[in-house]
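Q: With the numbering used here applied, the sequence shown corresponds to residues 161 to 567, in that order.
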Amino acid sequence: MTVTVVVGAQYGDEGKGKIVDFLSKDYDIIARFDGGDNAGHTLVVNKITLALHLIPSGILQRKTCVIGSSVKGNLEAAIKECRNIEKLFGFDPRKFLYISDCMHVVLPEYVEESKKDAESTGKGIKQCASKKYLREGIRIDDLLNLDKIDDIDPTKTFIKNIKGIEDLVKQAEYFKDNVTNTSYLLNEAIKSNKDILFEGAQGTGLDINHGQYPFVTSSDCVAGGASTGTGIGPNLINKVIGIAKVYTTRVDRDKNSPLVTQTDPELDELLRKAGNEFGSTTGRPRRCGWFDVPLVKHSIRVNGINELILTKLDIFDYLDEIKICTHYNVDGEITDIYPTNASTQRRSIPIYETLLGWKGRSTEGTRYLRQLPGNAIGYIERLQELLDVRISYISTGADRYETIKVE
């Protein structure tokens with residue numbers, strides 16, 4: 161029995177969707193534990209591209225997929241996602257889907273309010289999370305059982321004030337056969353020695369508790385969120401896999417958040433175009449920077465990461481030399497400890513180590529380590545040395561099988 165958590169080790173957009181899809185073949189259940197449709201996981205299978213925002217990335221492997229209690233669910237978006245999967249791949253994903261009866265629902269009014277926030281994805285996630293912690297939220301089970309809610313239950317009052325409640329009930333009805341106690345389902349599966357893969361959203365640098373506050377999301381992005389977000393004990397998790405790009409990206413509308421290793425405009429544009437660095441949810445261009453060791457070390461520590469998977473190695477095929485940020489200079493002090501305070505990060509100066517690149521030799525689509533250029537292998541070995549963690553796989557393209565296992 162293996163219970164594994166996959167988390168982003170940077171600021172999201174590390175390629176978790178592709179990796180979860182790739183790893184899913186070895187697991188029985190794939191469970192999404194937090195976030196909402198503000199997170200986009202892109203899969204490419206047989207040259208067909210699918211962007212998932214709520215449904216776990218194991219769905220194309222026809223694995224049992226679970227949406228946990230901490231996910232903020234936009235029902236209209238989830239229905240569109242189901243129909244898109246059926247259109248592109250010819251099956252109804254609801255046959256494999258279970259949704260927590262405790263999942264909070266993103267209301268249309270939350271979405272409208274969030275569109276006024278310049279730093280928001282416009283998906284209503286912050287508003288949904290706020291209502292949840294004010295104990296004024298609406299869960300999918302409420303929508304499916306309106307006639308059974310007691311008059312003394314405050315939820316009855318909240319529901320009366322919702323505009324378009326009839327539409328929301330119809331949307332919930334679309335999933336009525338999928339809604340269940342997923343905590344019970346997962347715990348029973350673990351007792352039966354089923355292998356479970358928990359899929360995180362966003363990345364550690366965006367975690368509400370351990371990220372770049374206040375430029376964070378409203379969710380638990382770290383491995384501990386898999387326990388609280390699905391209702392299993394933390395002692396049941398026996399592996400944590402971190403995902404990191406070979407460079408760093410950060411998406412924000414007004415570029416107010418710090419990005420210590422941000423590259424110069426010319427290289428920023430090159431990496432963005434080569435790596436197609438545009439948000440799969442918002443379409444916003446991502447800012448690009450060199451690999452940030454203090455950030456990833458922080459992720460390894462707070463998640464308890466056992467192994468790391470690197471993505472987008474092929475994007476470095478365009479470069480003569482590659483830099484790695486090994487430390488920060490913060491007010492004259494040299495450190496490799498990542499400060500989660502945004503104002504401290506703005507004062508942080510990156511200290512770089514420069515390695516030779518492999519420009520002119522393609523790694524795209526490579527599936528075996530021995531086929532990589534020597535400098536590419538040297539880069540991977542140096543990261544492994546600096547991070548003191550095992551690198552288990554390397555992604556060299558968007559397709560499921562463009563992945564190297566590191567022996």
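Every residue gets a Cβ at the ideal spot worked out from N, C-alpha and C, and that includes glycine.
Could you check the C-alpha separation between S417 and K351 for me, to the nearest Å?
A: Going from the Cα of S417 to the Cα of K351 covers about 44 Å.
Q: Runs of 4 residues minimum, wholly inside the region 298-375: which ones carry the alpha helix (DSSP H) assignment?
A: You should have 300-304, 314-320, 325-334, 342-351.
Q: Report buried or exposed for F335, applying the criterion of at least 16 other Cβ atoms within 10 angstroms of its Cβ.
A: Answer is buried; the Cβ neighbour count reaches 16.
Q: Which partner residues of I403 appear in the DSSP bridge assignment?
A: Partner(s): G168, I469.
Q: Closer than 7 Å to a non-hydrogen atom of the ligand SAH - does that hold for the CB of R295?
A: Of the ligands one can find in the structure shown there are none, so the ligand SAH has no counterpart to examine.
Q: Please state whether DSSP places C288 in a helix, a strand or coil.
A: Correct three-state label for C288: helix.
Q: In the structure shown, what three-state DSSP assignment does R527 receive?
A: Three-state result, R527: coil.
Q: Using only the alpha-carbon positions, how far apart do Y373 and G250 sit?
A: Taking the straight line from one Cα to the other gives about 42 Å.
Q: Helix, strand or coil: how does DSSP classify R109 here?
A: Residue coverage of the chain in this structure runs from 161 to 567, which leaves residue 109 outside it and unanswerable.
Q: Does DSSP put K207 in a helix, a strand or coil?
A: Residue state, collapsed to three classes: coil.
Q: I need the straight-line Cα distance from N353 to Y344, nearest angstrom please.
A: About 14 Å.
Q: Within 10 angstroms of its Cβ, does K323 collect 16 or more other Cβ (buried), or is it exposed?
A: Exposed.
Q: Return the Cβ separation of V462 and T364 in integer angstroms, given the expectation that the two are a contact with Cβ distance under 8 Å.
A: The Cβ separation is near 6 Å, so the contact holds.
Q: Do F193 and G402 have their beta-carbon atoms positioned less than 8 Å apart in this structure?
A: No, the pair does not count as a contact, with Cβ atoms beyond the cut-off.
Q: Roughly how many whole angstroms lie between the Cα atoms of T315 and E493?
A: About 52 Å.
Q: Anyone know if the C-beta pair for W450 and C485 falls short of 8 Å?
A: Yes, Cβ-Cβ distance for W450 and C485 is below 8 Å.
Q: Buried or exposed: K308, going by 16 or more other Cβ atoms within 10 Å of its Cβ?
A: The residue in question, K308, is exposed, as its Cβ has fewer than 16 Cβ neighbours within 10 Å.
Q: Could you tell me the distance, in whole angstroms, from the CA atom of D355 to the CA atom of I509?
A: Going by the C-alpha atoms only, they are around 43 Å apart.
Q: Would you mind reading off the limits of the beta strand (DSSP E) that contains S503?
A: Not the beta strand (DSSP E): S503 falls in the alpha helix (DSSP H), residues 502-506.
Q: Let me know if A211 comes out buried or exposed under the rule of 16 or more other beta-carbons within 10 Å of its beta-carbon.
A: By the 10 Å Cβ count, A211 comes out exposed.
Q: Taking just the CA atoms, how far does L304 sit from R432?
A: Looking at the two C-alpha atoms, the distance is approximately 44 Å.
Q: At a cut of 8 Å, does the region 525-540 reach the region 496-512 through at least three beta carbon pairs?
A: With the cut-off at 8 Å, the region 525-540 and the region 496-512 do not touch.
Q: What does a CB cutoff of less than 7 Å around F318 pick up in its chain, not counting 5 residues either side in sequence?
A: Cβ neighbours of F318 beyond the five flanking positions: E296, I298.
Q: Looking at the structure shown, is E493 part of a helix, part of a strand, or coil, going by DSSP?
A: E493: strand per DSSP, three-state reduction.
Q: Return helix, strand or coil for D181, following the three-state DSSP convention.
A: Correct three-state label for D181: helix.
Q: Consult DSSP for S459 and reduce its assignment to one of helix, strand or coil.
A: Of the three classes helix, strand and coil, the one that applies to S459 here is helix, per DSSP.
Q: Provide the residue span of the alpha helix (DSSP H) that contains C242, from first to last.
A: 235-249 is the span of the alpha helix (DSSP H), which, as asked, contains C242.
Q: Just to confirm my understanding: we take C601, look at its own chain, exclude 5 residues before and 5 after, and list those with CB closer than 6 Å. What are they?
A: This structure cannot speak to residue 601, because the chain is shown only from 161 to 567.
Q: Identify the continuous alpha helix (DSSP H) that holds L543 and give its terminal residues.
A: Note, L543: alpha helix (DSSP H), 534-547.
Q: In terms of residues, what are the limits of the beta strand (DSSP E) holding L257?
A: Residues 257-260.
Q: Measure how close the beta-carbons of V165 and F358 come, nearest whole angstrom, since I'm counting them as under 8 Å.
A: About 4 Å; that satisfies the 8 Å criterion.
Q: Which residue or residues does DSSP assign as beta-bridge partners of D452?
A: DSSP lists C485 as partners of D452.
Q: Look up T408 in the DSSP assignment and give the residues it is bridged to.
A: T408 pairs with G449.
Q: Measure the CB-CB distance between G557 and G520 and report whether it falls below 8 Å.
A: No; because the gap between Cβ atoms is not below 8 Å, this pair is not in contact.
Q: Whose C-beta lies closer than 8 Å to the C-beta of N369 among residues of the same chain, with five residues either side of it excluded?
A: For N369, where only same-chain residues beyond five positions count, the Cβ hits under 8 Å are D380, V382.
Q: Can you tell me the Cβ-Cβ gap for V226 and T409, rounded? I've got them flagged as a contact below 8 Å.
A: Actually they do not touch by this definition, with Cβ atoms about 28 Å apart.
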